[in-house]
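I have placed the structure first, in the form of structure tokens, so that the comments after it can refer back to it.
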Amino acid sequence: MASCCSSEPPEEKPNLNADSDTDSEDMLKTGWKDRYYEQVKASDGFDVENFSYTTALTLITPINLEVGLLEDVNKWSDLAIKDYNKKNNKSYEFVKVVKANARVVQGLVFFITFEAKDAVNGQSEIFQARVFEGYGLQPSEMDFCRLKPTT
1 MASCCSSEPP
11 EEKPNLNADS
21 DTDSEDMLKT
31 GWKDRYYEQV
41 KASDGFDVEN
51 FSYTTALTLI
61 TPINLEVGLL
71 EDVNKWSDLA
81 IKDYNKKNNK
91 SYEFVKVVKA
101 NARVVQGLVF
111 FITFEAKDAV
121 NGQSEIFQAR
131 VFEGYGLQPS
141 EMDFCRLKPT
151 T
């Protein structure tokens, strides 16, 4: 490592933002932000592709449910459908998580898409729930649970 008074050239550091994937580089150059915001607006954050290759840290991003968050997402889905049932006089039962996105904001905001089955007629439906899981002094709370819009 070169010191401030050394005649050695400064040490070259790797470009942490470098991506050998040409498609990703092209997308960054062609307005990924517009595409991201269009997807968020169209789906309320539930159907957003992975933009994690950008340098923005607070984007809504698909999460890998195999890496430790499945238990939390299952718990929130089950609580969400119970809350939905209570508010709508229904009898759905949580079946499984279809997918989930998250955003870091003094905790995690989960955008969960899950399947639930009507205990009366056995028909399965797809639901969406947005949940804030607070850290530290931030309380956790459910924002909403709804049937997934069809349009």
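Under UniProt numbering, read the sequence shown as residues 1 to 151, first letter to last.
Idealized CB from N, CA, C, for every residue including glycine.
* Round the Cβ separation of C145 and D83 to the nearest angstrom and send it over; I've been treating them as touching at under 8 Å. => With a contact defined as Cβ atoms closer than 8 Å, C145 and D83 qualify at about 6 Å.
* **For M27, three-class secondary structure by DSSP** => Because M27 sits at a pLDDT of 47, beneath the cut-off of 50, its placement in the model cannot be relied upon, and the following sentence gives the value as read from the coordinates. Helix.
* Own chain partners of V109 with C-beta closer than 6 Å, once the 5 adjacent residues on each side are dropped -> R103, F132
* Asked: Is Q128 buried or exposed, if buried means 16 or more other CB atoms sit within 10 Å of its CB?
  -> So Q128 counts as buried.
* Asked: Are there 16 or more other CB atoms within 10 angstroms of the CB of N121, so buried, or fewer, so exposed?
  -> exposed
* **Neighbour-count burial assignment, P149, 16 or more Cβ in a 10 Å radius** => exposed
* Asked: Do G107 and G68 have their CB atoms nearer than 7 Å?
  -> no
* **Cβ-heavy atom distance, V97 to the ligand FAD, below 6 Å** => This structure lacks the ligand FAD, and indeed carries no ligand of any kind.
* Asked: In or out: Y92 buried (at least 16 other Cβ within 10 Å) or exposed?
  -> buried
* Best match in S43, A100, D44, L59 for proximity to W32 [C-alpha to C-alpha] -> Distances from the CA of W32 to each of S43, A100, D44, L59 were compared; the closest alpha carbon is that of L59.
* Asked: Which class does L70 belong to by DSSP, given the choice of helix, strand or coil?
  -> helix
* To do: May I ask you to report which of helix, strand or coil DSSP gives S124?
  => strand
* To do: Assign V40 to one of three DSSP states: helix, strand, or coil.
  => helix
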